[in-house]
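Undergrad: Residues in the sequence shown are numbered from 3 upward in steps of one, following my numbering.
Cβ atoms here follow ideal geometry from the backbone N, Cα and C, with glycine treated the same way.
No experiment lies behind these values; they were computed from the predicted model shown.
I have a structure here, written as structure tokens, and I will follow up with some questions on it.
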Amino acid sequence: MLHVSMFQQTVEDFYDIGEELGSGQFAIVKRCWEKSTGLEFAAKFIKKRQSRSSRRGVRREEIEREVNILHLSE
Numbered sequence: 003m004l005h006v007s008m009f010q011q012t013v014e015d016f017y018d019i020g021e022e023l024g025s026g027q028f029a030i031v032k033r034c035w036e037k038s039t040g041l042e043f044a045a046k047f048i049k050k051r052q053s054r055s056s057r058r059g060v061r062r063e064e065i066e067r068e069v070n071i072l073h074l075s076e
């Protein structure tokens, strides 16, 4: 019999998450360090919902816009 172990890895498995650097309508930016190298990064965490009272999640177009903004800043 073959046993398959399924597990999900999280960002915390690879990075130490630090303080919040900023936030906006759809995301929060936090300082983080890669565990394997110690390199420092800023990580953008996109919110699943705008607020607890909102039933509307973030639309795909809004996420793509956030990613495009990050690409422009490179």
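Report the rounded CA-to-CA distance for Q11 versus I65, giving the unit in angstroms.
TA: In a straight line, the C-alpha of Q11 is about 21 Å away from that of I65.
Undergrad: Excluding five sequence neighbours on each side, which residues of the same chain lie with their C-beta closer than 8 Å to the C-beta of L23?
TA: Excluding sequence neighbours, L23 sits near V31, K32, R33 and A44.
Undergrad: Report the rounded CA-to-CA distance for K46 versus G26, giving the unit in angstroms.
TA: Between K46 and G26, the C-alpha separation is close to 10 Å.
Undergrad: Only counting the same chain, and skipping five residues up and downstream in sequence, which positions put a Cβ closer than 6 Å to that of E42?
TA: These residues qualify, in order along the chain: W35.
Undergrad: Would you tell me roughly how many angstroms separate the C-alpha atoms of E68 and D18, rounded to the nearest one?
TA: Cα-Cα distance, rounded: 23 Å.
Undergrad: Would you mind reading off the limits of the beta strand (DSSP E) that contains L72?
TA: Counting along the chain, L72 falls outside any beta strand (DSSP E), though it belongs to the alpha helix (DSSP H) covering R62 to L74.
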